[in-house]
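K.L.:
In my numbering, the protein residues as written are 3 to 330.
In this text, a Cβ means the ideal position worked out from N, Cα and C, and glycines have one as well.
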Amino acid sequence: MKKPLLILTGPTAVGKTALSIDLARSVNGEIISADSMQVYKGMDIGSAKIRREEMQGVPHHLIDILEPEQAFDVLQFQTMAKQAIQDIYSRGRVPVLVGGTGFYIQSVLYDIDFTPIADNGQIRAGLEALAATQEGREALYRRLEQADPASAKAIHPNNIKRVIRALEFFQLTGSRISDHNEEQRNHESPYCFLYCVLNTDRALLYERIERRVDEMMEQGLLEEVKKLKDRGLTSDLVSMQGLGYKELLEYLNGCCSLEEAVQKLKQNTRHFAKRQITWFRRERDVTWFDLPASHHNRAAVLDAILQEAERRGVLQAAEILQKRPENE
């Protein structure tokens, strides 16, 4: 019998964190963060990283595991997440994958094979050298638009790491990475899973985004970015391309006013949330759950998730796992 996996995702600021704790506690679960920014130490406010006291004793994985100077990609995430899942199974507990990075979730859920995308040092070095300037990055994105239009549509121009990966794949294989990923995601999942996507009214979501950015600024986001800049971190690092860090770094570098940087952050976050929703609407095997305007009423949403998990056999798989842990 397939082992259980619960997935809780949705656009940024929708309210995943609080509900994820309730869900994990309900199923004897442990949480694996599926967030490309929360892996970094010292990048707490901008990534909306859960605080220790908010965890309520629920173990969390793949948070604070890298320094901001280190690169991180979907292959590293997949490897680490699969290991964390096996460790959680060995304790007779249920892995709960939580976060808004859709491709990370997809890589684990369908066990995507990244073997054809093995690192080719010479090709990648050439692409990275071209990406060292803004003009070069724009040229790479135009090249991707010609070679693989589907990937270009799915990848933001600022996500230069994914742009390079897609171009590298095309140069290595002569095939489009979008075709490869589509083929891989059509595989049957090795898990008995429930893929939950949280959603709410678009106007309410945008209001929450505006409020979250204001709260981040009050909590010291500017000081957090300044500390990173003082360490020598620059905008060409993967970590410093994250929302909040890129915009405020532009302010600290004298490219705009603080007010302009904050407004740009709000705008970019709204656009990011819209892209996330578009991504999840393209996914198969997802179940949407609408969050009420009042986030004090999470119990009804939690009950609906648990009922659907029972209907799909996920809770039954969890009970079997808890009676017979992986290491027995």
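1. Counting along the chain, where does the alpha helix (DSSP H) carrying Phe105 start and finish?
2. Is Val215 helix, strand or coil when you go by DSSP?
3. Work out the CA separation of Glu55 and Glu285 for me, nearest whole Å.
4. Which same chain residues, not among the five before or five after Met218, have their C-beta less than 6 Å away from its C-beta?
5. Is it the case that the stretch 138 to 148 contacts the stretch 159 to 170, given that we only count it when at least three CB pairs across the two stretches are under 8 Å?
6. Among the candidates Gly244, Glu252, Tyr253, whose CA atom is the shortest distance from the CA of Ala73?
7. How many angstroms separate the CA atom of Glu310 from the CA atom of Leu7?
8. With 8 Å as the threshold, decide whether the Cβ of Glu249 is near any Cβ in chain B.
9. Which whole-angstrom value describes the C-beta separation of Ser153 and Arg178, a residue pair presumed to lie in contact below a C-beta threshold of 8 Å?
10. Considering only residues of the stretch 170 to 220, which uninterrupted beta strand (DSSP E) runs meet the minimum length of 3 residues and lie entirely inside it, listed in chain order?
11. In the DSSP output, which residue or residues are listed as bridge partners for Asp292?
12. Find the nearest neighbour of Ala15 within the set Lys248, Val98, Asp216, judged by alpha-carbon distance.
13. Specify the secondary structure class of Glu285 as computed by DSSP and reduced to three states.
14. So is Leu200 buried or exposed if we call it buried at 16+ other beta carbons inside 10 Å?
15. For the alpha helix (DSSP H) that contains Val227, what are its first and last residues?
16. Confirm, please, whether the CB-CB distance from Ser237 to Leu254 is below 8 Å.
17. Go to Ser35, then tell me how far its beta strand (DSSP E) extends in each direction, as first and last residue.
18. Please go through the same chain and pick out, in chain order, the residues whose beta-carbon is closer than 7 Å to the beta-carbon of Phe274, but skip the five residues on each side of it.
19. Would DSSP call Leu304 helix, strand or coil?
20. Can the beta-carbon of Lys4 be found closer than 8 Å to that of Cys198?
21. Determine the burial state of Gln58: buried for a count of at least 16 other Cβ atoms within 10 Å of its Cβ, exposed for fewer.
22. Which residues in the same chain have their Cβ closer than 8 Å to the Cβ of Leu129, if we skip the five residues on either side of it in sequence?
23. Give me the Cα-Cα distance between Ser22 and Leu308, rounded to the nearest whole angstrom.
24. Given this structure, state the Cα-to-Cα distance separating Ser38 from Phe79, to the nearest angstrom.
25. Checking the sheet assignment: what are the DSSP bridge partners for His62?
26. Taking its Cβ as the centre, do 16 or more other Cβ atoms sit within 10 Å of Gly234, making it buried, or is it exposed?
27. Considering only the beta carbon of each residue, do Leu304 and Val96 sit closer than 8 Å?
28. Taking C-beta to C-beta, are Ile65 and Lys51 nearer than 8 Å?
29. Threshold first: 3 residues or longer. Then list the beta strand (DSSP E) segments lying entirely within the stretch 115 to 175, N to C.
30. Can you look up Lys4 in the DSSP assignment and give me helix, strand or coil?
P.N.:
Based on what the coordinates show:
1. Numbered from its first residue, the sequence shown carries residue 105 at position 103. Element bounds for Phe105: 104 to 111.
2. Stepping through the sequence shown from its first residue, residue 215 is reached at position 213. Helix.
3. Locating residue 285 in the sequence shown gives position 283, counting from the first residue. Locating residue 55 in the sequence shown gives position 53, counting from the first residue. Each residue's alpha carbon lies about 33 Å from the other.
4. Translated into the one-based positions of the sequence shown, residue 218 becomes position 216. So the qualifying residues of the chain are Ile47.
5. yes
6. As a position in the sequence shown, residue 73 is number 71, starting the count at 1. Selected option, being the one with the closest Cα: Gly244.
7. Against the sequence shown, residue 310 aligns to sequence position 308. Against the sequence shown, residue 7 aligns to sequence position 5. Whole-angstrom Cα-Cα distance: 13 Å.
8. Judged by its chain identifiers, the structure shown contains no chain B, having just a single protein chain.
9. For the purposes of this step, residue 153 is taken as the residue at position 151 of the sequence shown. For the purposes of this step, residue 178 is taken as the residue at position 176 of the sequence shown. Right, the Cβ-Cβ distance comes to about 7 Å (below 8 Å), so this counts as a contact.
10. 193 to 201
11. Numbered from 1 along the sequence shown, position 290 holds the residue referred to as residue 292. Looking at the DSSP assignment, Asp292 forms a beta bridge with Asn201.
12. Against the sequence shown, residue 15 aligns to sequence position 13. The candidate whose alpha carbon is nearest that of Ala15 is Asp216.
13. Within the sequence shown, numbered from 1, the residue matching residue 285 stands at position 283. If DSSP states are grouped into helix, strand and coil, Glu285 belongs with coil.
14. Locating residue 200 in the sequence shown gives position 198, where the first residue counts as 1. The residue is buried, with at least 16 neighbouring Cβ atoms inside 10 Å.
15. Your numbering for residue 227 matches position 225 in the sequence shown. Counting along the chain, the alpha helix (DSSP H) containing Val227 begins and ends at 223 to 232.
16. If you number the sequence shown from 1, residue 254 lands on position 252. If you number the sequence shown from 1, residue 237 lands on position 235. Contact: no.
17. Within the sequence shown, the letter at position 33 stands for residue 35. It spans 31 to 35 - the beta strand (DSSP E) in which Ser35 sits, taken as one unbroken run.
18. The sequence position of residue 274 within the sequence shown is 272, counting from 1. Taken in chain order, the residues that qualify are Thr14, Leu245.
19. Reading the sequence shown from its first residue, position 302 is the one you call residue 304. If DSSP states are grouped into helix, strand and coil, Leu304 belongs with the helices.
20. Residue 4 sits at position 2 when you count from the first residue of the sequence shown. Residue 198 sits at position 196 when you count from the first residue of the sequence shown. No, these two residues do not count as a Cβ contact at 8 Å.
21. For the purposes of this step, residue 58 is identified with residue 56 of the sequence shown, where counting begins at 1. It counts as exposed.
22. For the purposes of this step, residue 129 is taken as the residue at position 127 of the sequence shown. Leu142, Ile166, Leu169, Glu170.
23. The residue labelled residue 22 in the question sits at position 20 within the sequence shown. The residue labelled residue 308 in the question sits at position 306 within the sequence shown. If you take the alpha carbons of Ser22 and Leu308, they lie about 12 Å apart.
24. Residue numbering aside, residue 38 sits at position 36 when the sequence shown is read from its first letter. Residue numbering aside, residue 79 sits at position 77 when the sequence shown is read from its first letter. Distance between the alpha carbons of Ser38 and Phe79: 8 Å.
25. Position 60 of the sequence shown, counted from the start, is the residue given in the question as residue 62. Ile33.
26. Within the sequence shown, the letter at position 232 stands for residue 234. Exposed, because fewer than 16 other Cβ atoms sit within 10 Å of the Cβ of Gly234.
27. Taking the first residue of the sequence shown as 1, we reach residue 304 at position 302. Taking the first residue of the sequence shown as 1, we reach residue 96 at position 94. Cβ distance not < 8 Å, so Leu304 and Val96 don't count as in contact.
28. Walking along the sequence shown from the start, residue 65 turns up at place 63. Walking along the sequence shown from the start, residue 51 turns up at place 49. Cβ atoms of Ile65 and Lys51: closer than 8 Å.
29. none
30. For the purposes of this step, residue 4 is taken as the residue at position 2 of the sequence shown. Of the three classes helix, strand and coil, the one that applies to Lys4 here is coil, per DSSP.
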